[in-house]
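Participant: Residue 222 in our numbering sits at position 210 of the sequence shown, with consecutive numbering throughout. Glycine included, each C-beta is placed from N, C-alpha and C at the ideal position. Here you go, one structure.
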Amino acid sequence: MIHHPDSPAIPAAAIDTAENNLRDILTLAIEYTPAQSAIIVWDAQCELAIVLTEAYRRCLPNAKFIEFNSAAPEAVLAEFEKLSPDDLVVLIQSTSFRLDAFRIRIELFKRSLKVIEHPHLARLPGAEGLLYIDSLAYDRDYFCGVGNALKECIDSAQVCIIDSGGEQLVFASGFEPAKLNVGDYSNIKNVGGQFPIGEVFTESKDLEAVNGCARISFFGDTSFTVNKPACPITLKISKGRVIEAIDSTPEFDQVLADIRADEGEIWLRELGLGMNRAFTQDRIVSDIGTFERMCGVHLSLGAKHLSYNKANINKRTAKHHVDVFVITKTVTLDNEVIYRNGAWLVNS
């Protein structure tokens with residue numbers, strides 16, 4: 013058993029699971045080979061970070077391990093300087109590492125390094141750490157097969173209907189080319205990113221062609237924590253904007269108020285199709301950036317969506333991107349049901 017005083021111990025068997033899952037990520041997704049150098053930057057500020065570090069020690073016994081809080085920033089940077097393109101950096105972070113003006117992942121990608129990032133692990137205490145470890149399982153056939161099939165369906169679809177049990181949200185003008193986060197880096201510049209993975213996302217070509225209602229069961233609050241209201245909140249959407257939140261809570265009202273204060277109105281932008289089967293409506297973790305991969309549908313509120321440009325959105329004043337999670341009965345694309353009973357029904 014490994015124990016950290018802030019939370020219950022994670023059993024040794026979970027470390028074995030983490031080792032197996034990370035080995036698959038390294039081999040199948042990152043395509044790391046022993047010929048490449050590896051640096052693991054870690055901290056010991058929470059139990060999950062300690063567990064993942066031990067799992068990486070088993071997977072990468074020849075890697076250089078740097079305990080972030082014991083190393084001077086210039087020493088960490090000096091180690092990065094020794095790396096060559098296609099070498100690997102792993103960041104195991106209880107919060108989020110800062111090295112002055114050095115934006116770690118961005119700068120490492122500029123150097124053509126492979127990067128695996130595990131941020132905000134302290135937001136996943138106790139049993140949530142076990143769910144996180146499960147979420148690192150890499151089923152390449154599922155992620156790449158279903159992910160590419162979803163992209164193909166989305167890119168050709170004109171109409172999408174999300175049925176959230178008595179309410180329907182309709183996207184009526186087709187979609188921007190979908191982007192994948194499925195561990196397949198063969199056709200993109202950067203290898204790696206934030207884990208866990210498992211998502212296909214897009215947005216409406218015409219933001220104002222989104223109308224209807226959606227019942228949401230979770231949302232990201234002002235502390236980037238997954239908030240579950242006592243009863244679902246129904247969002248009423250007109251011309252791509254939230255105009256009413258029925259059965260809202262004070263916490264959600266604050267989220268909406270913050271968006272309105274900064275942006276004047278509340279746009280709905282991202283349509284995210286989560287694929288990670290470790291997270292469901294019943295298997296929940298607190299960190300919003302992790303739970304975003306939940307198998308199901310999430311939307312983003314606020315004008316900020318860096319992946320797509322829109323003429324009617326001023327990127328300089330777009331500050332908010334708040335994930336909300338829809339109670340999804342079905343997702344229909346051009347009369348074909350592609351999601352039902354908590355699972356995606358497509359495959360390549």
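Among ALA226, GLY205, LEU142 and ARG328, which one has its Cα closest to the Cα of GLY252?
Facilitator: For the residues ALA226, GLY205, LEU142 and ARG328, the minimum Cα distance to GLY252 belongs to ALA226.
Participant: Jot down the residue ranges of each uninterrupted alpha helix (DSSP H) in the segment 114–194, minimum 4 residues, whole runs only, in chain order.
Facilitator: Whole alpha helix (DSSP H) segments, 4+ residues: 116–122, 139–147 and 152–168.
Participant: Tell me whether THR292 sits in a helix, a strand or coil according to DSSP, three-state version.
Facilitator: Reduced to three states, the DSSP call for THR292 is coil.
Participant: Which of helix, strand or coil does DSSP assign to GLN206?
Facilitator: In the structure shown, GLN206 sits in a strand (DSSP, three-state: E or B).
Participant: Which stretch, first to last residue, makes up the alpha helix (DSSP H) that contains VAL88?
Facilitator: From DSSP, the alpha helix (DSSP H) with VAL88 extends over 85–93.
Participant: Cα separation between GLY195 and ARG35?
Facilitator: Distance between the alpha carbons of GLY195 and ARG35: 13 Å.
Participant: From the DSSP output, read off the bridge partner residues of ASN32.
Facilitator: Partner(s): none; ASN32 has no beta bridge.
Participant: Measuring alpha carbon to alpha carbon, tell me which residue in LYS316, TYR320, TRP356 and ASN324 is nearest GLY308.
Facilitator: It is TRP356.
Participant: PRO20 to GLU140, Cα distance in whole Å?
Facilitator: For PRO20, the pLDDT reaches just 48, beneath the cut-off of 50, and the residue's location in the model is therefore unreliable, although a value from the coordinates is still provided. If you take the alpha carbons of PRO20 and GLU140, they lie about 11 Å apart.
Participant: How is the beta strand (DSSP E) around LEU313 delimited, first residue to last?
Facilitator: Here the beta strand (DSSP E) through LEU313 covers 308–313.
Participant: Could you work out which residue in TYR351, ARG328 and ASN326 is closest to GLY284 when comparing CA atoms only?
Facilitator: Among TYR351, ARG328 and ASN326, the Cα nearest to that of GLY284 belongs to TYR351.
Participant: Can you check which of these residues, CYS58, GLU256 and LYS163, is closest to ILE228 by C-alpha distance?
Facilitator: Ranking CYS58, GLU256 and LYS163 by Cα distance to ILE228 puts GLU256 first.
Participant: Taking DSSP's pairing of strands, which residues face ALA330 in a bridge?
Facilitator: Bridge partners of ALA330: none, in fact.
Participant: Assess, as a yes-or-no matter, whether the segment 343–350 is touched by the segment 314–322 under the definition of 3 or more beta carbon pairs within less than 8 Å.
Facilitator: These segments do not touch.
Participant: In or out: GLY232 buried (at least 16 other Cβ within 10 Å) or exposed?
Facilitator: GLY232 should be labelled buried.
Participant: Is ASN81 helix, strand or coil when you go by DSSP?
Facilitator: In the structure shown, ASN81 sits in a helix (DSSP, three-state: H, G or I).
Participant: Between LYS341, THR292 and ILE128, which lies nearest to VAL203 when the distance is taken from Cα to Cα?
Facilitator: Among LYS341, THR292 and ILE128, the Cα nearest to that of VAL203 is on ILE128.
Participant: Report yes if the CB atom of LEU64 is closer than 8 Å to the CB atom of ILE104, and no otherwise.
Facilitator: A contact, by the Cβ cut-off of 8 Å.
Participant: Less than 8 Å between the beta carbons of ASP98 and SER124, yes or no?
Facilitator: For ASP98 and SER124, yes; Cβs fall inside 8 Å.
Participant: Suppose you measure from the CA of ILE278 to the CA of LEU72; what does that come to, to the nearest Å?
Facilitator: Cα-Cα distance, rounded: 46 Å.
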